[in-house]
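The number in the numbering used here is simply the position in the sequence shown, starting from 1, with 22 added.
Data block below; observations after.
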Amino acid sequence: MKVPILTYHSNNIAGNDYATNDHVALAEDLRTIARLGLRIVSAAEVVDALLGATPASSVDNAVALTFDDGSYFDWYDMEHPHYGTQRGFAGILRDFAAATGMRAHATSFVIVSPAARAVLDVTCMAGRDWWRDEWWPQAAAEGLVAIENHSWDHNHATLPQTVQREQRKGTFKSIDSHADADAEIRAAADWLDTHLSPYRSTLFAYPYGEWNDYLVREYLPQYAHEHRLRAAFTGEPQPVEANSNRWLLPRYVCGHHWKEPPELERLLRETRS
Ligand SMILES: [Zn+2]
């Protein structure tokens, strides 16, 4: 098994071309995926195959898509203050499915804390209340965009206060105690399971793609009865393979690991199983 997982940030809009806009990139990349004869599976299905719950062949010739942070740009068509109307990521998936008859799916890793999102809406976006969560239950119920855990508050540098005990912010490497991991990971899973019931959060994506030995060797493997997760994703540019560590599943990030369509095509051809 060899499955590339591709990551997009819907907040990445600094223009209207492939290099400056993840919406333009996602739409183009879906066409590349179809042209190469690949299909789209969910990140959860990749984890199912990795953990032996389904045959490895269930993810042959497949890619999975993930979105990070969980703002309105994942779901709604939005009028950007500088760059005009933006088709939301969900709409881009729907357009692709309608045009090709292929299955489309993505997993959105969301920042869970409502209070943190209210601040990040101002510090990282236009301050128009575009990071609310009323679409998450709709998305979870419909099944086109799965909602999963990207931590409680991202330990984000622009927040006045995070749950990290010493306020070492702007990194996830400092989440290195049980109390901090519980506050960032388990509390976020609890919130999602309460608000998206009957859906259950089982996947985690590390904020900033950053992890540490405590999380990978101790907290995630040993406290599964508390956090209930099955796997965690980084931003290391490799495909998921049969011997991948379930707490360090790699992902390719748009704009970092490929910057134009031919680079993605090369990457997909190289990782083809
Ligand atoms: Zn993030």
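The C-beta atom is built at its ideal place from N, Cα and C for all residues, glycine as well.
Here the structure is a predicted model, which is why all the values come from computation and not from measurement.
Whole-Å CB distance - residue i paired with residue j, under 8 Å assumed
{"i": "residue 64", "j": "residue 129", "result": "6 Å"}
{"i": "residue 60", "j": "residue 268", "result": "Residue 60 to residue 268, Cβ: 23 Å. No contact."}
{"i": "residue 187", "j": "residue 201", "result": "6 Å"}
{"i": "residue 264", "j": "residue 78", "result": "7 Å"}
{"i": "residue 124", "j": "residue 110", "result": "At roughly 19 Å, the Cβ-Cβ gap does not stay under 8 Å, so residue 124 and residue 110 are not in contact."}
{"i": "residue 126", "j": "residue 119", "result": "4 Å"}
{"i": "residue 162", "j": "residue 221", "result": "4 Å"}
7 Å CB neighbourhood of residue i in its chain, flanking five on each side removed
{"i": "residue 26", "result": "85, 261, 274, 289, 290 and 293"}
{"i": "residue 81", "result": "23, 25, 63, 67, 68 and 71"}
{"i": "residue 214", "result": "134, 169, 171 and 223"}
Proximity to residue i [Cα-Cα], best of the options
{"i": "residue 198", "options": "175, 48, 171 and 240", "result": "240"}
{"i": "residue 18", "options": "281, 201 and 158", "result": "As displayed, the chain neither begins before 23 nor continues past 295, which places residue 18 out of reach and without an answer."}
{"i": "residue 178", "options": "165, 187, 194 and 171", "result": "194"}
{"i": "residue 182", "options": "161, 54, 142 and 200", "result": "142"}
{"i": "residue 233", "options": "258, 212 and 244", "result": "258"}
{"i": "residue 225", "options": "184, 88, 54 and 75", "result": "88"}
{"i": "residue 40", "options": "246, 29, 32 and 50", "result": "50"}
{"i": "residue 95", "options": "52, 46 and 277", "result": "46"}
{"i": "residue 154", "options": "132, 163 and 162", "result": "132"}
{"i": "residue 243", "options": "219, 149, 74 and 270", "result": "270"}
{"i": "residue 149", "options": "103, 28 and 227", "result": "103"}
{"i": "residue 272", "options": "254, 190, 278 and 105", "result": "254"}
{"i": "residue 90", "options": "122, 252, 251 and 229", "result": "229"}
Contacting residues, own chain, Cβ-Cβ under 6 Å from residue i (five flanking each side not counted)
{"i": "residue 146", "result": "none"}
{"i": "residue 34", "result": "44"}
heavy atom of ligand 2 below 8 Å from residue i C-beta
{"i": "residue 27", "result": "Among the ligands modelled here, namely ligand 1, ligand 2 does not occur."}
Same chain, Cβ closer than 8 Å to residue i, neighbours up to 5 away in sequence not counted
{"i": "residue 54", "result": "283, 286, 287 and 290"}
At what residue ranges does the region 45 to 92 contain a whole run of the beta strand (DSSP E), taking only runs of 3 or more?
61 to 63 and 84 to 91
Below 8 Å, can you find three or more Cβ-Cβ pairs linking the region 154 to 169 to the region 198 to 209?
no
Quick one: any contact between the region 138 to 149 and the region 175 to 191, if contact means 3 or more CB pairs under 8 Å?
yes
Give the list of continuous beta strand (DSSP E) stretches no shorter than 3 residues that lie fully inside the region 121 to 153.
128 to 132
What are the complete beta strand (DSSP E) segments, minimum 3 residues, inside the region 200 to 266?
225 to 227 and 253 to 255
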